[in-house]
Structure formats: C-alpha cells, structure tokens
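Engineer:
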Amino acid sequence: PPAPAHPGEPPAQLQPGVSIRNLVKIYHNSRVAVNGLSLDFYEGQITSFLGHNGAGKTTTMSILTGLLPPTSGTAYVLGQDIRSDIDTIRKTMGTCPQHNVLFDILTVEEHVWFYGRLKGLSEEQVKEEMEQLLQDTGLPHKRREQTRNLSGGMQRKLSVAIAFVGGSRVVILDEPTAGVDPHSRRSIWELLLKYRKGRTIILSTHYMDEAELLGDRTAIIAGGRLRCCGSPLFLKARLGTGYHLTLVKMLHARRSTRGFFAQVRVGLGLGRGPGGAEGGE
Numbered sequence: 012p013p014a015p016a017h018p019g020e021p022p023a024q025l026q027p028g029v030s031i032r033n034l035v036k037i038y039h040n041s042r043v044a045v046n047g048l049s050l051d052f053y054e055g056q057i058t059s060f061l062g063h064n065g066a067g068k069t070t071t072m073s074i075l076t077g078l079l080p081p082t083s084g085t086a087y088v089l090g091q092d093i094r095s096d097i098d099t100i101r102k103t104m105g106t107c108p109q110h111n112v113l114f115d116i117l118t119v120e121e122h123v124w125f126y127g128r129l130k131g132l133s134e135e136q137v138k139e140e141m142e143q144l145l146q147d148t149g150l151p152h153k154r155r156e157q158t159r160n161l162s163g164g165m166q167r168k169l170s171v172a173i174a175f176v177g178g179s180r181v182v183i184l185d186e187p188t189a190g191v192d193p194h195s196r197r198s199i200w201e202l203l204l205k206y207r208k209g210r211t212i213i214l215s216t217h218y219m220d221e222a223e224l225l226g227d228r229t230a231i232i233a234g235g236r237l238r239c240c241g242s243p244l245f246l247k248a249r250l251g252t253g254y255h256l257t258l259v260k261m262l263h264a265r266r267s268t269r270g271f272f273a274q275v276r277v278g279l280g281l282g283r284g285p286g287g288a289e290g291g292e
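What follows is the structure, given as structure tokens:
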C-alpha cells in the first residue's frame with residue numbers, strides 16, 4: 012500500500028511502545044476493515060487515533076488487545092509480537108473499551124482489587140494503588156458503592172482508571188469520554204495527562220477539541236489506511252490552510268458571482284479584493 016500522504020517526523024529520542032506493521036484485517040464477509048496499516052505509537056505520549064465510523068479504529072485496537080486475530084501483518088507491543096506473545100503483552104496492557112465492562116454488584120474498590128489481582132499485584136500493591144487511583148478519579152467517597160448506583164460519568168471514570176491498574180505501560184482507550192458530562196470529561200482529561208509519563212497511550216475519540224488538547228501526536232485513518240500522522244501543529248501547518256467552498260449558481264440567477272463574493276468579503280472584513288467592487292472571485 013502507498014505511504015501516507017502527510018507523514019510527520021517521528022519524535023526525537025522517544026521509543027515506540029506499539030509498532031503496527033502492514034496490518035490487514037478482512038472479515039468473513041470479505042469486508043476489509045484494516046488495509047496495510049503501519050503506524051508507531053510512542054512511549055510518554057498520548058496519540059489521538061481518529062477516523063470516521065467504520066474507518067478501522069476499533070478493529071485495530073481489538074487486534075492490539077488480542078480480541079481479534081490479524082489476517083496478515085502484525086504489531087509489536089513493547090517489542091513483543093501480538094501473534095505469539097499476547098499473554099505476555101496483556102500483563103503490561105490496560106484497555107478501556109467503548110462500553111463499560113463493570114460488574115453491577117461489585118463496589119468501586121472491589122473492581123480495582125479484582126483487576127489488580129488479575130494483573131498479578133500483591134495485596135499491599137493493590138491497596139497502595141487503589142488509594143492513589145481513587146484520589147485521582149475523585150471517587151474516594153464512592154469506594155464502597157456498587158457500580159450500578161454510580162452515575163454514567165463516575166462509571167466511565169472507573170473504567171478509565173481500571174485501564175491503568177497494575178502499572179499498565181500501554182493503555183488503549185476507545186472513546187473514553189463518550190456520553191459523559193463536561194465535569195467528568197475534564198476529570199478524565201486530567202487523569203490521562205497525569206498518567207501519561209512512561210506510558211504509551213492510544214486514544215480514540217470523536218471530539219476534535221479532546222484530540223487536540225490531549226494528543227501529542229494525531230493519526231487519522233480512513234478505509235483502514237493511514238492518511239496522515241504527526242503533531243497537531245504539523246498537521247495544521249500542512250493541512251489546515253483553509254476551506255474549499257463550492258457554490259453552484261442557478262441558471263437564471265440575476266446577481267453576478269463577482270458581486271456576491273465582493274459582498275461576502277466585505278462582510279468578513281477582508282476588503283473588496285484586488286479587483287475592487289468586482290474583486291474577490
């Protein structure tokens with residue numbers, strides 16, 4: 012497959028925590044979800060992973076977490092191949108899927124305890140990490156509350172926190188702030204920025220402000236292929252130069268096109284253009 016049209020320079024002195032190489036996923040109905048994707052995600056950074064619905068984001072993340080096998084190609088997580096070392100990879104990986112995976116009858120602290128022990132933490136390690144996570148998520152007062160009694164925002168904050176349990180070095184977040192209130196959304200942002208150091212964080216989101224605020228780098232895919240990748244400043248400089256506007260004039264319209272554009276320019280404070288009243292075409 013062709014290289015992306017707008018690749019950015021890789022960040023200096025940073026090592027990729029996740030490297031995707033020529034990844035392909037074709038479903039049984041012959042639909043190509045991921046088509047020759049190659050992409051690096053770097054340690055100590057949050058990478059915003061963007062694309063429209065059906066672009067291949069969730070499929071890619073499902074392959075990285077071992078939920079789906081690749082049709083061809085592979086990915087390396089901290090140097091481990093997902094095709095042969097997925098059990099080892101899972102010990103250092105945390106994930107927050109699109110929908111909460113919580114147990115209604117378990118309390119907040121029981122969730123942290125359960126997932127911490129699954130990750131192999133000792134009882135003392137779980138206790139220590141639990142206190143820090145509850146403080147960072149603003150949930151210490153809800154520690155003994157069953158999750159079915161939590162608000163949607165609190166449930167989402169807990170799901171994000173669980174992804175970091177056990178010192179996860181690679182964290183994959185699939186739309187972590189979807190459907191939450193503004194206060195909970197900002198709380199999740201603060202958590203991610205605080206926990207970014209030393210971790211490779213992959214963030215899928217449909218919120219452009221979130222992608223720009225949190226992302227050290229942004230990768231955009233469409234049709235299962237990488238279309239552009241780089242820092243927000245790089246992408247704005249290369250691709251954010253303005254808009255292309257297409258207008259169609261009715262056949263019997265009396266108003267001149269040039270006169271219309273001249274009026275629009277004046278209304279926007281751009282002057283009348285080089286052609287005076289007739290400028291601005």
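Here the working numbering = 1-based position in the sequence shown + 11. Backbone N, C-alpha and C define an ideal beta-carbon position, used for all residues, glycine too.
What's the C-alpha gap between K208 and Y126?
Structural biologist: The straight-line gap from Cα to Cα measures roughly 22 Å.
Engineer: Should H152 be labelled buried (16 or more other beta-carbon atoms within 10 Å of its own) or exposed?
Structural biologist: H152 is exposed by the Cβ-count criterion.
Engineer: Count the other CB atoms, across all protein chains shown, that sit within 10 Å of the CB of T257; report buried if there are 16 or more and exposed otherwise.
Structural biologist: T257 should be labelled exposed.
Engineer: Ordered along the chain, which non-local residues of its own chain (more than five positions away) have a Cβ less than 7 Å from that of L79?
Structural biologist: Correct list, in chain order: K36, T70, S73.
Engineer: Using 8 Å as the threshold, is the stretch 21 to 38 in touch with the stretch 50 to 64, meaning 3 or more CB pairs across them?
Structural biologist: Contact holds: three or more Cβ-Cβ distances are below 8 Å.
Engineer: Could you please give me the residues that DSSP links to G105 through a beta bridge?
Structural biologist: Bridge partners of G105: V182.
Engineer: Only counting runs of 4 or more residues, tell me where the alpha helix (DSSP H) segments fall wholly within the stretch 196 to 257, in order along the chain.
Structural biologist: If we require 4 residues or more, the alpha helix (DSSP H) runs fully inside the stretch 196 to 257 come out as 219 to 225, 243 to 250.
Engineer: Given a threshold of 16 other Cβ atoms within 10 Å of its Cβ, counted over all protein chains shown, does E135 qualify as buried or as exposed?
Structural biologist: Under this definition E135 is an exposed residue.
Engineer: Kindly give me the distance between the Cβ atoms of R159 and D115, rounded to whole angstroms, as I take these residues to be in contact under 8 Å.
Structural biologist: Sure, about 4 Å apart at Cβ, within 8 Å.
Engineer: Just verifying my parser: in three-state terms, what is the DSSP assignment at T85?
Structural biologist: The answer is strand: DSSP assigns T85 an E or B state.
Engineer: Does DSSP classify L79 as helix, strand or coil?
Structural biologist: Three-state result, L79: coil.
Engineer: Just how far apart, CA to CA, sit V119 and R196?
Structural biologist: Cα-Cα distance, rounded: 19 Å.
Engineer: Going by DSSP, what residues sit across from V29 in a beta bridge?
Structural biologist: Note: V29 sits in a beta bridge opposite F52, V88.
Engineer: Quick one: what's F293 bridged to in DSSP?
Structural biologist: The chain is shown only over 12 to 292; residue 293 falls outside these bounds and no answer can be derived.
Engineer: When the distance is taken between beta carbons, is G84 closer than 8 Å to A174?
Structural biologist: Not a contact, by the Cβ cut-off of 8 Å.
Engineer: What do you get for T99, buried or exposed, if any count of 16 or more other CB atoms within 10 angstroms of its CB means buried?
Structural biologist: Exposed, since its Cβ has fewer than 16 Cβ neighbours within 10 Å.
Engineer: When DSSP builds the beta bridges, which residues end up paired with L34?
Structural biologist: According to DSSP, L34 bridges with L48.
Engineer: For G62, collect the residues of the same chain with a Cβ closer than 7 Å to its Cβ; drop the 5 residues on either side in sequence, then sort them by chain order.
Structural biologist: Excluding positions up to five away in sequence, the list reads K68, I231, I232, A233.
Engineer: Per DSSP, which residues does V259 bridge with? Please list them.
Structural biologist: Per DSSP, none; premise fails for V259.
Engineer: Let me know the secondary structure DSSP gives V43 once reduced to three states.
Structural biologist: V43: strand per DSSP, three-state reduction.
Engineer: Is any non-hydrogen atom of the ligand MN found closer than 7 Å to the C-beta of G55, if you look at the structure I gave you?
Structural biologist: As for the ligand MN, it is missing from this structure, which has no ligand bound.
Engineer: How big is the Cα-Cα spacing for V172 and L262?
Structural biologist: Reading off the sequence, residue 172 comes out as Ala, not Val. Cα to Cα, A172 sits roughly 60 Å from L262.
Engineer: Give me the Cα-Cα distance between P81 and L34, rounded to the nearest whole angstrom.
Structural biologist: Their Cα atoms are separated by approximately 7 Å.
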